[in-house]
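Using my numbering, you'd call the opening residue of the sequence shown number 396 and step up by one each time. Here a beta-carbon is modelled for each residue, glycine too, at the ideal position from N, C-alpha and C.
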Amino acid sequence: MSTSIPKVGFVSLGCPKAGSDAERILTQLRAEGYEISGSYGEADLVVVNTCGFIDSAVEESLEAIGEAIAKNGKVIVTGCLGAKSGVVQAAHPSVLAVTGPHALEEVMTAVHAHLPKPHDPYTDLVPPQGIRLTPSHYAYLKISEGCNHRCSFCIIPSMRGDLVSRPIGEVLNEAENLVNAGVSEILVISQDTSAYGVDVKYRPGFWNGRPVKTRMTELCKSLSELGVWVRLHYVYPYPHVDEVIPLMADGLILPYLDVPFQHASPRILKAMKRPASSENNLARINAWREICPDITIRSTFITGFPGETEADFLQLLDFLEEAQLDRVGCFAYSAVDGAAANALPNQVPESLKQERLARFMEVQERISAAKLLSKIGTIQTVLVDEIVEDEDGNFEAIGRTQADAPEIDGVVYLEDAEGLNPGDFVEVKIVDADGHDLWGGPPGA
Ligand code: SF4
């Protein structure tokens with residue numbers, strides 16, 4: 396170990412939820428006076444935050460661990476793949492420690508054991524909002540960890556355990572610190588946002604001296620007081636979700652709901668063991684739109700789940716036509732090591748899964764494109780994400796409307812972005828659209 400400030404290298408792979416874990420580890424390291432090093436060579440040890448959701452992520456994670464061992468030698472592994480410590484240790488027996496996801500304390504214990512913490516913690520080095528991996532004007536806010544469902548294609552509960560909601564006071568303080576540090580958009584994430592507080596029976600916590608229930612609606616109301624964009628991800632269509640739609644209609648939180656429906660055939664939803672599988676989703680969507688006509692609904696689906704017949708698939712296409720969802724992702728079913736669905740009968744051949752995926756995307760692309768075309772001529776508020784300079788020295792801005800979440804939805808391109816900065820809100824007239832993105836100009840254009 397060097398005699399100066401101990402330095403920790405950090406590599407983070409995987410989804411925003413893993414990123415949120417990483418932020419917490421980085422914040423703690425800095426709080427204790429460790430320095431974060433950008434290079435393997437200069438670091439005294441390296442923490443690798445892994446992903447283990449699909450086979451390619453496992454490979455990528457194992458490669459990253461191998462690279463850290465080759466270039467540094469002292470490596471601690473955490474994150475989803477860490478839940479399968481046997482796989483990590485078989486591939487890389489020299490790793491110092493392996494912890495699962497959401498294991499801040501275990502990671503810190505391993506770091507302390509192999510790189511003792513400095514005598515004089517530089518707590519004042521840590522900005523109150525912590526250290527974020529996302530651009531400074533938006534931030535993910537993780538409200539809970541784990542999941543009480545047991546969807547048959549998913550191994551997250553076996554890796555992350557049952558639902559554990561973070562105390563609402565802690566969540567709201569974190570959000571407030573983010574806003575005080577300049578964040579313009581908060582993205583609420585968890586495995587199941589609508590279940591927030593179920594594990595603690597919605598018990599009240601305290602924020603700014605007043606009691607607030609640990610519950611999605613109360614969380615949304617409190618977040619809306621912060622005066623920034625608040626976007627909800629991973630919401631299941633339970634009846635109580637209806638309560639947040641009026642908040643969207645009143646402009647308190649963004650009129651945006653990310654609802655992973657996954658399928659529309661009741662038979663397949665049952666085989667998937669999906670939460671809220673018996674709800675009438677079409678009726679619910681129509682009711683939401685009546686209360687909040689501007690609502691953007693994003694969803695994800697799976698084609699070729701074991702047992703899916705042509706009739707099930709046609710039911711899915713009918714649902715798409717009727718639901719007219721704004722943004723949709725779709726994947727051909729792929730077996731995940733350890734998932735219960737692997738043992739289901741009537742697995743669908745790969746070529747058929749892909750064929751159905753293509754048919755699905757054809758229908759949805761037409762719907763999404765029509766939705767975007769209908770925005771031409773409207774005035775939209777755009778949050779600027781990035782400024783880029785073209786080869787002629789002109790500045791272009793790339794931003795998003797309320798209907799677009801970062802990284803997964805489309806963007807708005809703006810010419811003549813001189814004077815704009817990331818994090819700015821601008822009023823824009825939409826002048827063009829394709830199947831995914833929009834182009835905008837000044838409101839008077
Ligand atoms: S709701 Fe289902 S898919 Fe989502 S994390 Fe829980 S078990 Fe997995």
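Secondary structure at Ile771: coil, using DSSP grouped into helix, strand and coil. Minimum Cα-Cα distance from Leu677 among the listed residues Val654, Val623 and Ala498 corresponds to Val654. With 16 or more other CB atoms across the displayed protein chains lying within 10 angstroms of its CB, Phe656 is buried.
In chain order, Asp707 and Gln710 place their CB closer than 6 Å to the CB of Ser660, counting only its own chain and leaving out the 5 sequence neighbours on each side.
In this structure Ser617 is in contact with Leu567, their Cβ atoms being roughly 5 Å apart against a cut-off of 8 Å. Using a Cβ distance threshold of 8 Å, Ile663 and Phe700 count as a contacting pair.
Between Leu440 and Asn467, the alpha-carbon positions lie close to 7 Å from each other. Leaving aside the five residues that flank Thr609 on each side, the residues in its chain whose CB is nearer than 8 Å to its CB run, in chain order, Ser560, Pro562, Ile563, Tyr591, Gly592, Val595, Tyr597, Arg598, Pro599 and Gly600.
Just so you know, the alpha carbons of Asn575 and Gly433 end up roughly 27 Å apart. Within the chosen limit of 7 Å, the ligand SF4 does not reach the beta carbon of Asp557 with any heavy atom. Excluding five sequence positions before and after Phe755, the CB atoms of its chain that fall closer than 6 Å to its own CB belong to Thr698 and Cys725, given in chain order. Remark: C-beta atoms of Ile460 and Gly733 do not approach each other more closely than 8 Å. Boundaries around Arg684 are those of the alpha helix (DSSP H), Asn676 to Ile686, since no beta strand (DSSP E) includes it. Scanning Tyr629, His658, Cys687 and Asn681 for the CA closest to the CA of Leu647 turns up Cys687. Listed in chain order, the beta strand (DSSP E) runs fully inside the segment 529-563 are 533-537, counting runs of at least 3 residues.
Excluding the 5 residues flanking it on each side, Gly495 has same chain C-beta neighbours closer than 7 Å at Gly477, Ala478 and Met554, in chain order. Judged by the Cβ position, Pro701 fails to qualify as a neighbour of the ligand SF4 at the 7 Å threshold, every heavy atom of the ligand being at least this far.
Closest by C-alpha distance to Asp819, out of Gln719, Leu457, Ala570 and Leu778, is Leu778. The set of residues with a C-beta under 6 Å from any non-hydrogen atom of the ligand SF4 comprises Cys542, His544, Arg545, Cys546, Cys549, Ile551, Pro552, Gln586, Asp587 and Pro670, given in chain order. In the DSSP annotation of this structure, the continuous segment of the alpha helix (DSSP H) that includes Glu716 starts and ends at Glu705 to Ala718. Proximity to Ile584 across Glu685, Asp557 and Arg626 peaks at Arg626, based on C-alpha coordinates. Within the DSSP secondary-structure output, Ile581 pairs in a beta bridge with Ala534 and Val625.
In this structure, the alpha-carbon of Arg605 lies about 46 Å from that of Phe790.
Pairing His509 with Asp416 gives a Cβ-Cβ distance that is not under 8 Å. Glu462 and Thr422 have their alpha carbons spaced roughly 24 Å apart. Straight-line measurement puts the Cα of Glu822 at about 5 Å from the Cα of Thr776. Taking the Cα positions, Gly772 is about 26 Å away from Asp785. Scanning the segment 435-517 for uninterrupted alpha helix (DSSP H) segments of 4 residues or longer gives 450-466, 480-486 and 499-509, listed from N- to C-terminal end.
Looking at the DSSP output, Gly733 bridges to nothing. Around Met667, the same chain offers Cys546, Ser547, Phe548, Gln657, His658 and Phe700 as residues with beta carbons nearer than 7 Å, after the five sequence neighbours per side are excluded.
Non-local C-beta neighbours of Ala492 in its own chain, meaning closer than 6 Å and more than five positions away in sequence, comprise Ile471 and Ala505, ordered along the chain. Leu499 and Lys665 have their C-alpha atoms spaced approximately 36 Å apart. Judged by their CB atoms, Gln797 and Tyr651 are nearer to each other than the 8 Å cut-off.
Annotated as proximal: Glu580 and Tyr533, with beta-carbon spacing under 8 Å. Closest in alpha carbon position to Asp832, among Asn816, Leu815 and Leu809, is Leu809.
Between Ala718 and Ile680, the C-beta spacing is below 8 Å.
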